[in-house]
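Asks: This is the structure I have questions about; it appears just below.
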Ligand SMILES: Nc1ncnc2c1ncn2[C@@H]1O[C@H](COP(=O)(O)OP(=O)(O)O)[C@@H](O)[C@H]1O
Ligand SMILES: [Mg+2]
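Residue numbers (the numbering used here): 103 to 430.
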């Protein structure tokens, strides 16, 4: 059975391990377009090839398929559990169900080393990065960077919300060696640090840019005295002008990873053309912080993009009409 032959077409799956603010916004945006958004936890989705049919079961959909799926959260788990959860997303695509973002795009963005590789390959400004399994090699790299007066950021390969980041190399004039890699799964993902001009009364910032359907639609500055400027780490969200170079970088990054929508993190860097470098691309991006400084409904813009671009629906573009006000 394919999505097009499935009855119950008016139902969209919101795949999430957490219902709350984001799922409420998505369900409301879907309802405005006459669609029923149903939340299902990927943990509870299963393969079942014992009967004729799709071979997968999405709770709440019986033996039917959703007309589309929006991926809102993929909970952490064992390698086997994550493989199955992503497998469900791959299976939905194979069955003809548009998945927003597609499993392949999510995989590319969740793996920070693959993100760095794809950005590099596309010629997009991004700090040099390394992914090394050999602790000896990683130590040699950190020593060489220290000698060259540079600082690196050690990140969990699948990290998010600024958790587990550490500076190594020459940190504020002090050499800092590589820590034990066991908490990092035995992998050194290292990215060269991009310093920000900051000081008392002048906290540094980075940008979060939201790209929907290939277009940068909103931006905010995340401001903090700490160098890790995630909202989850206490950074303050401020409205930001979406300047053409930053918008172009974010759009190129989203395209390089094949994203339907993406939250792109950039740091200002006056030494590169465009004045910014892309740090990472989020394929399951939260948007509550950004929504607080934006005057159009982000969930509606996402839903309308899904309907228009992936499902061929004729939807008016009202949702992003306020984008100029937000970007200014
Ligand atoms: N190479 C870097 N140079 C400067 N700041 C960085 C660098 N890497 C990370 N940061 C800071 O840490 C934050 C979190 O890093 P990021 O790579 O986005 O990981 P996460 O997935 O945890 O959000 C960034 O938004 C930025 O403020
Ligand atoms: Mg980030």
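Ideal Cβ placement from N, Cα and C applies to all residues, glycine included. All values derive from a computational prediction rather than experimental measurement.
What is the DSSP secondary structure of residue 399, reduced to helix, strand or coil?
Replies: As a first step, residue 399 must be located in the chain shown, where it is residue number 297. Three-state result, residue 399: coil.
Asks: DSSP three-state label for residue 385, please.
Replies: Counting from 1 along the chain shown, the entry for residue 385 is found at position 283. Correct three-state label for residue 385: coil.
Asks: Give the list of continuous beta strand (DSSP E) stretches no shorter than 3 residues that lie fully inside the region 221-306.
Replies: 231-234, 253-257, 268-273, 276-278 and 290-294
Asks: What is the DSSP secondary structure of residue 123, reduced to helix, strand or coil?
Replies: For this step, residue 123 is matched to residue 21 along the chain shown. In this structure, residue 123 counts as helix in the three-state DSSP scheme.
Asks: Among the residues of its own chain, which have a CB less than 6 Å from the CB of residue 132, if the five just before and after it don't count?
Replies: Within the chain shown, the letter at position 30 stands for residue 132. Counting only Cβ-Cβ distances below 6 Å, and skipping sequence neighbours, we find 114, 139 and 405.
Asks: Quick check on this structure: which residue in 275, 374 and 268 has the alpha carbon closest to the alpha carbon of residue 84?
Replies: With the chain covering only 103 through 430, there is no way to say anything about residue 84.
Asks: In whole angstroms, what separates the C-alpha of residue 427 from that of residue 394?
Replies: If you number the chain shown from 1, residue 427 lands on position 325. If you number the chain shown from 1, residue 394 lands on position 292. Since pLDDT at residue 427 reaches only 33, below the 50 mark, its modelled position is unreliable, and the value read off the structure follows with that caveat. Those two C-alpha atoms are separated by around 13 Å.
Asks: When DSSP labels each residue in this structure, what does residue 130 get in the three-state scheme?
Replies: If you number the chain shown from 1, residue 130 lands on position 28. Residue state, collapsed to three classes: helix.
Asks: Bridge partners for residue 346 per DSSP, in chain order?
Replies: Numbered from its first residue, the chain shown carries residue 346 at position 244. Per DSSP, none; premise fails for residue 346.
Asks: Determine contact between the region 331-341 and the region 182-192, defined as no fewer than three beta-carbon pairs at a distance below 8 Å.
Replies: Output reads no: the region 182-192 does not touch the region 331-341.
Asks: Under 6 Å: does the beta carbon of residue 369 sit that close to some heavy atom of ligand 1?
Replies: Position 267 of the chain shown holds residue 369. Residue 369 Cβ: within cutoff of ligand 1.
Asks: Could you tell me whether the Cβ atoms of residue 358 and residue 318 are closer together than 7 Å?
Replies: Here the question's residue 358 lines up with position 256 in the chain shown. Here the question's residue 318 lines up with position 216 in the chain shown. Against a cut-off of 7 Å, the Cβ pair of residue 318 and residue 358 comes out as no contact.
Asks: Just curious, the beta strand (DSSP E) that residue 324 is in, first and last residue?
Replies: As a working note, residue 324 is residue 222 in the chain shown. Residues 317-326.
Asks: Answer yes if the region 159-177 comes into contact with the region 114-126, meaning at least three C-beta pairs across the two stretches below 8 Å, and no otherwise.
Replies: Counting C-beta pairs closer than 8 Å gives three or more between the region 114-126 and the region 159-177, which meets the contact rule.
Asks: Rounded to the nearest angstrom, what separates residue 325 and residue 307 at their Cα positions?
Replies: Here residue 325 refers to the residue found at position 223 of the chain shown. Here residue 307 refers to the residue found at position 205 of the chain shown. For residue 325 and residue 307, the distance between alpha carbons rounds to 4 Å.
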